[in-house]
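Numbering (the working numbering), first residue to last: 17 to 618. Virtual Cβ for every residue (Gly too), placed ideally from N, Cα, C. Keep in mind the model is a prediction, meaning the values are calculated, not measured. Read the structure below first, then the notes.
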Amino acid sequence: LQGSEVDIRVGNKSLKTGDTWYTPMNSPSATVALFSEQRDGWRIFNGGKKSITIDSIQIQVGKGVQKEEFQLQEYSYKKRPLKFKKKTLPPRRYYDFYVRFYPVCSGERRASLKIIIDGKEYSFHIVGHGQTKVKFFSHGKTILSKVLGSSKADEMVSAMVVDRAGNIFFSGHVSGVLDKYGYDIILGRINQDGSLGWLKVWYGKFRDFSKDPGQNNETGGGANCMAMDDQGYIYFVGSTSPNRYNNNYAALILKVDPKDGSLIWEKLWRPEWPRRILAKHHADGYGVDVKNGKVFVTGTTPAAVGKSSVYLLVLSGDTGRILFQKAYDLSPTLKDRGYVVKVDSSANVYIGGSANNNAFLMRLSPSGQDYKLAWAKRIVIGRGGNINSMDLDSSGNIYVALDRRGATTFFSFAKISPKGELVWGKTYQGGNNDQNNINIVKVIGKFLYAGGRIGLKNFDTQYGDGLIVKTDLQEGNEIWSAFYFTGKGPDEIGEHRIKGIALRGKDLILLGQVYTGNYNGVRYWGYWYDGTSSLTDFQPNVEDIEVKKEQILSLNNGDLKDAKSHRKYVDGKKYFPYLDSKRKRNGKSPDGDFMFWKIQLK
Numbered sequence: 017l018q019g020s021e022v023d024i025r026v027g028n029k030s031l032k033t034g035d036t037w038y039t040p041m042n043s044p045s046a047t048v049a050l051f052s053e054q055r056d057g058w059r060i061f062n063g064g065k066k067s068i069t070i071d072s073i074q075i076q077v078g079k080g081v082q083k084e085e086f087q088l089q090e091y092s093y094k095k096r097p098l099k100f101k102k103k104t105l106p107p108r109r110y111y112d113f114y115v116r117f118y119p120v121c122s123g124e125r126r127a128s129l130k131i132i133i134d135g136k137e138y139s140f141h142i143v144g145h146g147q148t149k150v151k152f153f154s155h156g157k158t159i160l161s162k163v164l165g166s167s168k169a170d171e172m173v174s175a176m177v178v179d180r181a182g183n184i185f186f187s188g189h190v191s192g193v194l195d196k197y198g199y200d201i202i203l204g205r206i207n208q209d210g211s212l213g214w215l216k217v218w219y220g221k222f223r224d225f226s227k228d229p230g231q232n233n234e235t236g237g238g239a240n241c242m243a244m245d246d247q248g249y250i251y252f253v254g255s256t257s258p259n260r261y262n263n264n265y266a267a268l269i270l271k272v273d274p275k276d277g278s279l280i281w282e283k284l285w286r287p288e289w290p291r292r293i294l295a296k297h298h299a300d301g302y303g304v305d306v307k308n309g310k311v312f313v314t315g316t317t318p319a320a321v322g323k324s325s326v327y328l329l330v331l332s333g334d335t336g337r338i339l340f341q342k343a344y345d346l347s348p349t350l351k352d353r354g355y356v357v358k359v360d361s362s363a364n365v366y367i368g369g370s371a372n373n374n375a376f377l378m379r380l381s382p383s384g385q386d387y388k389l390a391w392a393k394r395i396v397i398g399r400g401g402n403i404n405s406m407d408l409d410s411s412g413n414i415y416v417a418l419d420r421r422g423a424t425t426f427f428s429f430a431k432i433s434p435k436g437e438l439v440w441g442k443t444y445q446g447g448n449n450d451q452n453n454i455n456i457v458k459v460i461g462k463f464l465y466a467g468g469r470i471g472l473k474n475f476d477t478q479y480g481d482g483l484i485v486k487t488d489l490q491e492g493n494e495i496w497s498a499f500y501f502t503g504k505g506p507d508e509i510g511e512h513r514i515k516g517i518a519l520r521g522k523d524l525i526l527l528g529q530v531y532t533g534n535y536n537g538v539r540y541w542g543y544w545y546d547g548t549s550s551l552t553d554f555q556p557n558v559e560d561i562e563v564k565k566e567q568i569l570s571l572n573n574g575d576l577k578d579a580k581s582h583r584k585y586v587d588g589k590k591y592f593p594y595l596d597s598k599r600k601r602n603g604k605s606p607d608g609d610f611m612f613w614k615i616q617l618k
């Protein structure tokens with residue numbers, strides 16, 4: 017407003033009311049990288065002979081623009097928010113402030129700046145453009161975003177189940193909070209309204225956890241290490257160590273009351289319990305399912321004969337007593353691990369995991385009190401590959417998460433027929449990096465949901481962004497995909513991966529792991545965006561695995577012990593704060609936490 021008593025300018029350019037300022041440098045074609053800032057200095061100059069009063073300075077973001085994208089700041093290098101109070105400006109004096117542009121979405125972003133001076137309004141349009149072609153998730157709106165975890169410890173996320181009312185039950189483990197030696201198991205409930213119901217910690221003297229199927233401690237246990245029965249009781253499997261050497265675990269199976277987290281029963285299982293426990297008596301629990309009052313558990317054990325084998329353990333849901341136990345040495349001399357177990361409506365049992373350094377899938381069919389091996393298949397996806405999650409549809413088809421390991425990893429999943437034949441396979445294309453990992457597949461109605469993390473070009477290829485993909489069951493065609501991005505700067509970067517998926521009404525409920533690493537302790541949250549990549553066909557070879565009679569091992573000495581004397585079970589609320597994700601800003605590197613979202617779908 018040059019030439020009048022009031023001169024409002026940005027840099028060397030004076031503006032009149034109604035003008036538009038393009039940030040930066042008043043260039044309509046300029047763009048700013050997402051989650052980075054441009055600060056433009058604004059000046060109010062009193063060119064008259066009398067004092068003026070600046071009544072207010074306000075900024076209002078446009079439709080679809082987030083509040084953090086345009087903010088007023090003090091004229092200071094410390095980047096403090098402007099908390100403006102009415103100010104008198106003498107003649108020939110000026111008042112400076114910043115308008116900060118911080119785009120979190122691509123394309124045009126708009127805001128309105130209003131300055132009231134001596135009761136007169138001066139208004140301006142501010143326009144900026146975010147780089148990269150990406151849009152907010154177009155199929156729903158985030159209505160809940162929470163984190164749970166200590167600021168000084170790594171919480172590693174395992175699994176989630178959700179009851180009919182929408183109450184969330186979750187599991188994971190943490191290091192160095194209670195026993196100060198190894199991992200402790202975390203179990204909890206979030207009520208349907210988003211409040212924290214109960215939180216428990218199960219811990220012995222040494223290491224207690226559910227192991228990462230990837231064998232790299234990237235995250236907690238597999239997404240199928242928890243299950244829920246028809247009455248709402250919760251089942252969890254993991255491993256617990258009797259000594260500091262951590263090489264002869266016992267499998268741990270818990271039945272939990274959903275109302276308050278109390279334990280109905282808790283069992284330790286080994287293939288044998290001699291007076292002196294050796295490595296060959298080791299057992300890990302990885303996966304659990306429950307059907308018709310029976311609890312099905314799988315994992316790995318040397319079966320007391322020195323062979324690392326997949327096992328199937330069937331327990332009574334009421335009492336926890338053993339109904340069936342056998343081991344399957346699918347690849348003699350090499351390690352075999354069962355990571356996930358699922359049971360169909362005809363009581364057929366499917367187990368997936370790792371055998372001979374590759375993925376395997378096997379089917380066991382009921383025969384009286386026994387389960388007979390119907391078939392075993394190797395799904396050739398590369399060295400170290402495995403099946404780390406599985407679900408079934410009403411026709412008995414099997415959907416598997418294919419964990420493809422290596423210097424470059426892949427987000428892949430497949431549909432397998434009840435006969436063990438490949439129907440289709442898909443890969444969601446990520447970057448040429450190792451941040452592409454699938455952690456869960458979930459059948460909901462006529463659709464399949466797959467979750468994990470992805471390293472997309474132009475986004476977080478260092479830690480990876482949370483990813484969820486929805487497809488049809490018939491052919492695996494993509495319905496939509498979404499990823500969770502927080503930025504790439506030192507105060508924004510963080511790994512996110514999806515470990516749990518449920519749908520109640522229109523509410524999509526997600527459990528994830530957020531890991532901010534050695535850089536960022538102030539921002540754990542971001543936004544969901546429409547996926548920028550797509551599915552491609554993936555056709556791995558499926559081969560028969562020959563299993564001879566002697567490779568099916570009876571576990572006549574396998575037995576359970578009550579786990580109560582091996583642990584403490586305490587309330588965990590005071591150790592692990594639960595709060596809105598935007599409020600957590602005190603993390604100490606490295607820091608991993610549970611993260612929960614509820615997205616209201618359109």
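Just verifying my parser: in three-state terms, what is the DSSP assignment at residue i?
| i | result |
| --- | --- |
| S167 | coil |
| R379 | strand |
| E137 | strand |
| Q341 | strand |
| E566 | helix |
| S257 | coil |
| H512 | strand |
| H145 | strand |
| N536 | coil |
| H189 | strand |
| S581 | helix |
| T33 | coil |
| S597 | helix |
| A295 | helix |
| K216 | strand |
| E53 | coil |
| E90 | strand |
Identify the continuous beta strand (DSSP E) that holds residue i and give its terminal residues.
| i | result |
| --- | --- |
| G482 | D481 to D488 |
| D11 | A query on residue 11 cannot be resolved here, the shown segment of the chain reaching from 17 to 618 and no further. |
| R469 | F463 to I470 |
| S122 | Here S122 belongs to no beta strand (DSSP E), and DSSP marks it neither H nor E. |
| T314 | K310 to T317 |
| V530 | D523 to Y531 |
| D6 | This structure does not reach residue 6, given that the chain is present from 17 up to 618, and the question cannot be answered. |
| Y199 | Y199 to I206 |
| G369 | V365 to A371 |
| S332 | S325 to S332 |
| Q451 | It is not in any beta strand (DSSP E) - Q451 carries neither H nor E in the DSSP assignment. |
Quick one: residues in its chain with C-beta nearer than 7 Å to the C-beta of residue i, no 5 flanking neighbours on either side, listed in chain order?
| i | result |
| --- | --- |
| D476 | F501, K504 and I509 |
| F427 | T443, Y444, G446, N452, N453, I454, G468, I470 and L483 |
| K323 | D345 and P348 |
| T158 | W544, W613 and I615 |
| I250 | V177, F185, M242, M244, V272 and P274 |
Who are the Cβ neighbours of residue i in its own chain at under 6 Å, not counting the five residues just before and after it?
| i | result |
| --- | --- |
| I561 | L346, A392 and R394 |
| E559 | R394 |
| V26 | W37, D56 and W58 |
| W496 | H155 and K486 |
| W281 | K271 and G336 |
Can you give me the Cβ contacts of residue i inside the same chain, cut-off strictly under 8 Å, excluding the 5 residues immediately before and after it?
| i | result |
| --- | --- |
| A430 | I395, Y415, V416, L418, L438, V439, W440, G441, K442, F554 and P556 |
| F222 | D195, Y197, G198, T256, S257, P258, N259, R260 and N262 |
| L31 | L17, I24, R25, W37 and F140 |
| K598 | S161 and W541 |
Check the DSSP bridge columns for residue i and list the partner residues they point to.
| i | result |
| --- | --- |
| M406 | V416 |
| K66 | Beta-bridge pairing links K66 to no other residue. |
| K162 | D596 and F612 |
| F499 | L483 and Y545 |
| L105 | I68 |
| W285 | A267 and L576 |
(request) Pair every Cβ in the stretch 54-70 with every Cβ in the stretch 124-142, then say whether three or more of these pairs are closer than 8 Å. (result) With a cut-off of 8 Å, the stretch 124-142 and the stretch 54-70 count as touching, because enough Cβ pairs lie within range.
(request) Flag this pair as touching only if the stretch 172-186 and the stretch 144-160 have three or more C-beta atom pairs under 8 Å; answer yes or no. (result) The stretch 172-186 makes no contact with the stretch 144-160; the number of CB pairs closer than 8 Å stays below 3.
(request) Answer yes if the stretch 528-542 comes into contact with the stretch 239-249, meaning at least three C-beta pairs across the two stretches below 8 Å, and no otherwise. (result) Result no; under three Cβ-Cβ pairs closer than 8 Å.
(message) Would you call the stretch 200-218 in contact with the stretch 584-596, where contact means no fewer than 3 C-beta pairs closer than 8 Å?
(response) With the cut-off at 8 Å, the stretch 200-218 and the stretch 584-596 touch.
(request) Tell me, please, whether the stretch 354-368 touches the stretch 304-317 by the rule of three or more beta-carbon pairs shorter than 8 Å. (result) These segments touch.
(request) Flag this pair as touching only if the stretch 567-574 and the stretch 176-189 have three or more C-beta atom pairs under 8 Å; answer yes or no. (result) Because the criterion of three Cβ pairs below 8 Å is not met, the stretch 567-574 and the stretch 176-189 do not touch.
(request) Could you say if the stretch 321-339 and the stretch 295-309 meet the contact criterion of at least three C-beta pairs nearer than 8 Å? (result) Contact holds: three or more Cβ-Cβ distances are below 8 Å.
(request) Say whether the stretch 264-281 touches the stretch 564-571, bearing in mind that this needs 3 or more beta-carbon pairs closer than 8 Å, one atom from each stretch. (result) With a cut-off of 8 Å, the stretch 564-571 and the stretch 264-281 do not count as touching, because too few Cβ pairs lie within range.
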